[in-house]
């Protein structure tokens, strides 16, 4: 085991298992979340893994957070945690009142798309109409693609307004 002073890299990843490659961490995370269907229940899942201080550098790899493949190797998986942040009881009513007053309510979050969809449905922002969702759910990459000018990469107010009208 490692002493507390040696524990350095903690990442938000079945305890004690050695993870030898980055794809294994994604596999564990994917199977835990899919098996529990936690995203559809508004549960955020965090996996935690560690490597001792200096371990990555000692293996001849620089600690470069831009390239996960270099440092998501040879980690020890500590735990998988699920956290639910339930919708407060007054929120759906407040949103319904805004909608009845003619206000279009949008939700912007950094959550996983499935978690965001679940929360928006529980709040009354996203509803089902004839068996189909009445609304748009997109991840950050798609949102940024839609609001930025293709040539300059700058946020375009016109494009932003189009996304808000979806």
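Residue numbers (the numbering used here): -5 to 160.
Cβ coordinates follow ideal geometry from the N, Cα and C atoms, glycine included.
DSSP-derived helix/strand/coil call for residue i
i	result
residue 134	helix
residue 159	coil
Residue i vs residue j beta-carbon contact at 8 Å
i	j	result
residue 101	residue 119	yes
residue 159	residue 149	no
residue 117	residue 85	yes
residue 110	residue 69	no
Per DSSP, cross-strand counterpart(s) of residue i
i	result
residue 101	Looking at the DSSP assignment, residue 101 forms no beta bridge with any residue, so it has no partner.
residue 142	149
residue 42	73
Assigned exposure category for residue i - 16 Cβ within 10 Å defines buried
i	result
residue 87	exposed
residue 95	exposed
residue 146	exposed
residue 45	buried
8 Å contact criterion, which residue i and residue j should meet: CB distance rounded
i	j	result
residue 81	residue 113	6 Å
residue 99	residue 93	6 Å
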